[in-house]
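As structure tokens, the structure follows; a few thoughts come after it.
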Amino acid sequence: MIGEARIPDRPTSRTTIRRAFGRAIVSMVGLGAVLLAWEASVSLWSIPLYVLPAPTVIALQIERDWALLARHLQPTLLEAVGGFVIGNLIATGLAATFVYAPPLSRMLYPVAIGLRTIPIVAITPLLVVWLGNGYAPKIAIAALISFFPTLVNMSRGFASPSPDQLELMHALAASHWQVFRLVRWPASLPYLFASLKIAATSS
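Heads up, the sequence shown is in our numbering, so the first residue is 18 and it goes up one at a time.
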């Protein structure tokens, strides 16, 4: 009948999995094509090894030196993951504090943004002097790199709920914790995932 609205069918989980699998296949085919073109270019134009080694040469070298690489990979992962977790936890907690303490936000947020403009290279010597030459300064550097994008994004995310949502929770006599758990936290998740993507590659 004219005037009837038809609600489009939601994609099923099987359809979603099929689409994800299709995207993965396309990505793998693209990666394989790039590697084949790389290998063929090195062989065709006889590019010297020191200029551009072929993928097969790189793979053989990794296999040959795997024990050495694995031994150094462990501390690198510890520093990167440790800094990533610490930086994101502190940034998320501080962003949540800013939402409920606007004077604190007005006082500290510009300071945090100002610190972001200082190059990490300039801060590194100070961290080494303060924390020594072990894992600590490297974890601190990774934490600083992860901290700033998460702080900015989560501050926006926690402040993103509409006034209508907040007024409804106020009318229902919801506590600050309930408002945070039921409204602000779910609204901030897209911002959190976006900041985690940035922080993961940077740390």
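Even for Gly, the Cβ is constructed at its ideal location relative to N, Cα and C.
Pair within 7 Å by beta-carbon distance, residue i and residue j
| i | j | result |
| --- | --- | --- |
| A204 | P166 | no |
| P154 | L144 | yes |
| A159 | A211 | no |
| P70 | E56 | no |
| F101 | S220 | yes |
Length of the line joining the Cα atoms of residue i and residue j
| i | j | result |
| --- | --- | --- |
| A41 | V146 | 46 Å |
| I156 | V59 | 39 Å |
| V14 | W202 | Because the chain spans 18 through 220 in this model, residue 14 falls outside it and cannot be assessed. |
| M124 | I64 | 57 Å |
| A176 | Y208 | 11 Å |
| M45 | Q182 | 43 Å |
| F164 | A129 | 10 Å |
| F38 | G49 | 16 Å |
| P92 | G99 | 10 Å |
| A118 | P127 | 15 Å |
| L258 | W194 | What is shown of the chain runs 18 to 220, which leaves residue 258 out entirely. |
| L185 | L121 | 26 Å |
| I135 | T141 | 11 Å |
| G47 | L53 | 10 Å |
| F115 | R81 | 51 Å |
| G225 | L95 | The chain is shown only over 18 to 220; residue 225 falls outside these bounds and no answer can be derived. |
| R198 | R88 | 42 Å |
| L206 | I103 | 18 Å |
| L213 | I137 | 19 Å |
| V196 | T33 | 32 Å |
Whole-angstrom C-beta distance between residue j and residue i, which should lie under 8 Å
| i | j | result |
| --- | --- | --- |
| P180 | V200 | In fact, because the Cβ distance is near 11 Å, the residues do not count as touching under 8 Å. |
| L66 | V74 | 7 Å |
| P86 | I79 | Looking at the sequence provided, one finds Leu at residue 86 rather than Pro. Contact holds; Cβ gap of about 7 Å. |
Checklist entry - Taking three-plus beta-carbon pairs below 8 Å as touching, is the region 101-120 in contact with the region 166-180? => result yes
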